[in-house]
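Heads up, the thing below is written out as structure tokens.
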Amino acid sequence: MSINASARTVMERCKELAGYSEEPDRLTRRFASKAMQQVNETVKIWMQAAGMNVEQDNIGNLIGRYEASQAGAKTLLLGSHLDTVRDAGKYDGPLGVMIALACVERLHTRQVRLPFAIEVLAFADEEGLRYNNAYLGSKYMTGTLDPSLLHLTDIEGITMAEAIRSFGGNPDPESLHIARWRSDELLGYCEVHIEQGPVLEARNIPIGVVRAISGQNRFSVTFTGEAGHAGTVPMSLRHDALCAASEFVLSVETLAQSRPEVVATVGQASVEPGASNVIPGKVTLSLDVRHQDNEVRELVNEQLEQIAREICNARAVSLDWQLLQEHKTVPCVPGLTKLLEQAVVDLNYPLLSLPSGAGHDAVTLSELTSIAMLFVRCRGGISHNPAESVTVEDVEVALRVLEQFILLLSTNNDPKA
Ligand code: GLV
Ligand code: MN
Ligand code: MN
1 MSINASARTV MERCKELAGY SEEPDRLTRR FASKAMQQVN ETVKIWMQAA
51 GMNVEQDNIG NLIGRYEASQ AGAKTLLLGS HLDTVRDAGK YDGPLGVMIA
101 LACVERLHTR QVRLPFAIEV LAFADEEGLR YNNAYLGSKY MTGTLDPSLL
151 HLTDIEGITM AEAIRSFGGN PDPESLHIAR WRSDELLGYC EVHIEQGPVL
201 EARNIPIGVV RAISGQNRFS VTFTGEAGHA GTVPMSLRHD ALCAASEFVL
251 SVETLAQSRP EVVATVGQAS VEPGASNVIP GKVTLSLDVR HQDNEVRELV
301 NEQLEQIARE ICNARAVSLD WQLLQEHKTV PCVPGLTKLL EQAVVDLNYP
351 LLSLPSGAGH DAVTLSELTS IAMLFVRCRG GISHNPAESV TVEDVEVALR
401 VLEQFILLLS TNNDPKA
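Residue numbers for the sequence shown, in the numbering used here: 1 to 417.
And the structure:
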């Protein structure tokens, strides 16, 4: 199959996978949902046809393994995630899995075996949409999924443990500490992903090599005031939780705007009791804070908590500030990343190294092995949006680079050097 035909297959498959959704008119695929089961079944068939042995692990990650030319060889990990955000685009996650799969498919067609095995990983949850906790899939595989998360409930009150069970898995807390691989069994993890930002398009370059993945926090911030009658309680006697929360949302924007490259987002808000004639008694907000410099991010977190306290004090509203998640900035150090850059140079594409503001499964994998990431240009830098778009030409470039990277790796015995 020509490389152009493989790139077209990648595009068609991303389109087909986007048809598996929990919602009729938009793409939403949460962890352990029926739509996830459907994509896993579909991708499993493609992986098997590409010469891989396929298994679905205990929490729903799909793993396709393409054996090495000899027993006892190390393993190269490739892949990305198959879950999505709400009202998602087609490429955030699935593109990386489909390009990895296409690489193996092309080896299989030529009946080529490498001096290392390849595992194509399709993670069951990177976005954290269902339990507001990201990287569940990669954390499980690296033995770092915190057992206390099994008790988290989704919007319907279903615990993570129940969701895993109904997906056919076994949420045994003991098993959560066991990594799928030992570090010394691995060559590293390489993830292809859409850029999700505008830099490559602005520079007119199809692909870029990731330099670092920004650190991030997720918080749950609850304002508790006093519910009351919208018609009878005078304005001066109210403790309106939504007014406090709204003041906070604007302060988040103001503070983030005042600090170079800090990004902070309130993406969810729930208002209780939630009636037009009742003063809001309780509001819970999500808060996402990111920056490349861990110290800057930590300082911003402290300042935001302090601002929330001041707003609450002034309004006699109480505050519950919960840290849900913290990931430090992960640098993509030489080793695999150098090899990926070499692949770009060998093929005469311009080499651009750029940071990632988005989080990726590579963050979790970096605790176990060397990582590298290749970004693919996307139209208008738009992502987490159904308008996400990549071209087949750019997908072909990414495929070429990944193939060259694999070729370099098969002739380089120590990529960590
Ligand atoms: C994942 O897409 C994230 O960066 O939140
Ligand atoms: Mn995403
Ligand atoms: Mn992603």
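We put the beta carbon where it would ideally sit given N, CA and C, even for glycine.
Here the structure is a predicted model, which is why all the values come from computation and not from measurement.
Per DSSP, P331 is paired with what? On the sequence shown, residue 331 is found 331 positions in, with the first residue counted as 1. Paired residues: A212.
Taking the C-alpha atoms as reference points, what is the distance between K328 and A179? Position 328 of the sequence shown, counting from 1, holds the residue named residue 328. Position 179 of the sequence shown, counting from 1, holds the residue named residue 179. Between K328 and A179, the C-alpha separation is close to 21 Å.
Quick check on this structure: which residue in A244, A100 and R26 has the alpha carbon closest to the alpha carbon of V85? Position 85 of the sequence shown, counted from the start, is the residue given in the question as residue 85. Among A244, A100 and R26, the Cα nearest to that of V85 belongs to R26.
Which residues does DSSP list as the beta-bridge partners of R238? On the sequence shown, residue 238 is found 238 positions in, with the first residue counted as 1. None, per the DSSP bridge assignment.
From which residue to which residue does the alpha helix (DSSP H) around N294 run? One-based indexing of the sequence shown puts residue 294 at position 294. DSSP places N294 in the uninterrupted alpha helix (DSSP H) bounded by N294 to R315.
Any chance the CB of E127 is under 7 Å from a heavy atom of ligand 1? Your numbering for residue 127 matches position 127 in the sequence shown. Result yes, Cβ under 7 Å from ligand 1.
Sequence ranges, beta strand (DSSP E) only - wholly within the segment 159 to 205, length at least 3: 186 to 194
In angstroms, rounded to a whole number, what distance separates the CA positions of V43 and R29? Your numbering for residue 43 matches position 43 in the sequence shown. Your numbering for residue 29 matches position 29 in the sequence shown. Roughly 15 Å between the two C-alpha positions.
Closer than 7 Å: is that where the CB of A358 sits relative to any heavy atom of ligand 2? Sequence index remark: in the sequence shown, residue 358 carries index 358 (1-based). Flag set: Cβ of A358 near ligand 2.
How about E119 and R65: are their beta carbons less than 8 Å apart? For the purposes of this step, residue 119 is taken as the residue at position 119 of the sequence shown. For the purposes of this step, residue 65 is taken as the residue at position 65 of the sequence shown. Yes, Cβ-Cβ distance for E119 and R65 is below 8 Å.
Measuring straight from C-alpha to C-alpha, what distance separates V401 and V249? The residue given as residue 401 occupies position 401 in the sequence shown. The residue given as residue 249 occupies position 249 in the sequence shown. When rounded, the distance between both Cα atoms is 42 Å.
Between H384 and ligand 2, is there a pair consisting of the residue's CB and a ligand heavy atom that are separated by less than 7 Å? Stepping through the sequence shown from its first residue, residue 384 is reached at position 384. Checking the Cβ of H384 against ligand 2 gives yes.
Which partner residues does S321 have in the DSSP bridge list? Looking up residue 321 in the sequence shown gives position 321. One detail in the question is off: residue 321 reads as Trp in this sequence, not Ser. The partner list for W321 (beta bridge, DSSP) reads V221.
Helix, strand or coil: which one does DSSP assign to V418? Residue numbering for the chain in the displayed model covers 1 to 417; residue 418 lies beyond these limits and cannot be assessed.
Would you tell me roughly how many angstroms separate the C-alpha atoms of S6 and G335, rounded to the nearest one? Mapped onto the sequence shown, residue 6 falls at position 6. Mapped onto the sequence shown, residue 335 falls at position 335. Answer to the nearest angstrom: the Cα atoms are 28 Å apart.
According to the Cβ coordinates, are Q292 and A212 closer than 8 Å? Position 292 of the sequence shown holds residue 292. Position 212 of the sequence shown holds residue 212. Contact: yes.
Nearest-angstrom Cβ-Cβ length linking T75 and L368, presumed shorter than 8 Å: Working through the sequence shown from its first residue, we reach residue 75 at position 75. Working through the sequence shown from its first residue, we reach residue 368 at position 368. T75 to L368, Cβ: 12 Å. No contact.
Here's the rule I'm using: 16 or more other beta-carbon atoms within 10 Å means buried, otherwise exposed. How should K34 be labelled? Within the sequence shown, numbered from 1, the residue matching residue 34 stands at position 34. So K34 counts as exposed.
Just to check my reading of the structure: V300 and V344 have Cβ atoms closer than 8 Å, yes? What is that Cβ distance to the nearest angstrom? In the sequence shown, the residue the question calls residue 300 occupies position 300. In the sequence shown, the residue the question calls residue 344 occupies position 344. With 8 Å as the limit, V300 and V344 do not qualify as a contact, their Cβ atoms being about 34 Å apart.
Would you call the segment 164 to 174 in contact with the segment 54 to 64, where contact means no fewer than 3 C-beta pairs closer than 8 Å? yes
Where E55 sits in the DSSP three-state scheme: Stepping through the sequence shown from its first residue, residue 55 is reached at position 55. Reduced to three states, the DSSP call for E55 is strand.
Sorted by chain position, which residues of the same chain lie with C-beta nearer than 8 Å to Q303's C-beta, five sequence neighbours on each side aside? Here the question's residue 303 lines up with position 303 in the sequence shown. Contacts found: L255.
Spatial distance of M52 from P350 (CA atoms): For the purposes of this step, residue 52 is taken as the residue at position 52 of the sequence shown. For the purposes of this step, residue 350 is taken as the residue at position 350 of the sequence shown. Their Cα atoms are separated by approximately 33 Å.
Give me whichever residues DSSP pairs with D92 in a beta bridge. Here residue 92 corresponds to residue number 92 of the sequence shown, with the count starting at 1. In the DSSP output, where bridge partners are listed per residue, D92 has none listed.
Distance cut-off 7 Å: G19 Cβ against heavy atoms of ligand 3: Within the sequence shown, the letter at position 19 stands for residue 19. Answer for G19: no, Cβ out of range of ligand 3.
Using the C-alpha atoms, what's the distance from T159 back to L152? Taking the sequence shown and counting its residues from 1, the one referred to as residue 152 is at position 152. Taking the sequence shown and counting its residues from 1, the one referred to as residue 159 is at position 159. Each residue's Cα considered, the two are about 5 Å apart.
Note the first and the last residue of the continuous beta strand (DSSP E) segment covering V397. Against the sequence shown, residue 397 aligns to sequence position 397. From DSSP, V397 is part of no beta strand (DSSP E) but of the alpha helix (DSSP H) over V392 to T411.
Quick one, which of Q37, W46, T222 and G274 has its alpha-carbon nearest L285's? Position 285 of the sequence shown holds residue 285. Nearest option by C-alpha distance: T222.
Rounded to the nearest angstrom, what separates A269 and V283 at their Cα positions? Translated into positions along the sequence shown, residue 269 becomes position 269. Translated into positions along the sequence shown, residue 283 becomes position 283. Roughly 7 Å separates the two Cα atoms.
Can you find at least 3 beta carbon pairs, one from the segment 131 to 139 and one from the segment 221 to 240, that sit closer than 8 Å? no
Proximity test, D92 beta-carbon vs ligand 2 heavy atom, cut-off 7 Å: Working through the sequence shown from its first residue, we reach residue 92 at position 92. At least one heavy atom of ligand 2 is nearer than 7 Å to the Cβ of D92, so yes.
Cβ neighbour criterion (16 or more within 10 Å) applied to R297: Numbered from its first residue, the sequence shown carries residue 297 at position 297. Under this definition R297 is a buried residue.
Label S148 either buried or exposed according to how many other C-beta atoms from any shown protein chain fall within 10 Å of its C-beta, with 16 as the threshold for buried. For the purposes of this step, residue 148 is identified with residue 148 of the sequence shown, where counting begins at 1. Around the CB of S148, fewer than 16 other CB atoms lie within 10 Å, so the residue is classed as exposed.
Does any heavy atom of ligand 2 sit closer than 7 Å to the C-beta of V85? Mapped onto the sequence shown, residue 85 falls at position 85. V85: yes, Cβ under 7 Å from ligand 2.
Which of helix, strand or coil DSSP assigns to M1: Looking up residue 1 in the sequence shown gives position 1. In the three-state reduction of the DSSP assignment, M1 falls in the coil class.
N- and C-terminal bounds of the alpha helix (DSSP H) containing G137: For the purposes of this step, residue 137 is taken as residue 137 along the sequence shown, with counting starting at 1. Element bounds for G137: L136 to M141.
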